[in-house]
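Quick notes on the structure that follows.
Residue numbers (the UniProt record's numbering): 1 to 55.
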């Protein structure tokens with residue numbers, strides 16, 4: 001579906017952002033964070049900040 005294609009695009013761009021450009025990526029997870037966000041770019045951060053129950 002479209003959401004799965006977007007997840008791959010976002011993950012690819014984050015790879016470029018972190019590795020090639022050597023930039024910091026901070027993920028901030030708020031409650032409620034859905035599984036798709038957590039599975040894709042939520043857990044790719046160099047630093048992950050989360051509210052209680054945001055998993």
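In this text, a Cβ means the ideal position worked out from N, Cα and C, and glycines have one as well.
TODO: Return the chain-ordered list of same chain residues with a C-beta closer than 6 Å to the C-beta of residue 49, the five sequence neighbours on each side being excluded.
DONE: 28
- [ ] Look at the alpha carbon of residue 8 and the alpha carbon of residue 41, and state the distance between them as a whole number of angstroms.
- [x] 9 Å
TODO: Go through the stretch 7-35 residue by residue and report every complete run of the beta strand (DSSP E) that reaches 3 residues or more, in order.
DONE: 26-29
Task: Beta bridge counterpart(s) of residue 39 as assigned by DSSP - done: DSSP lists no partner for residue 39.
Open item on the list: Looking only at its chain, what residues have a beta carbon closer than 8 Å to the beta carbon of residue 55, apart from the 5 residues adjacent to it on each side?
Closed with: 29, 33, 38
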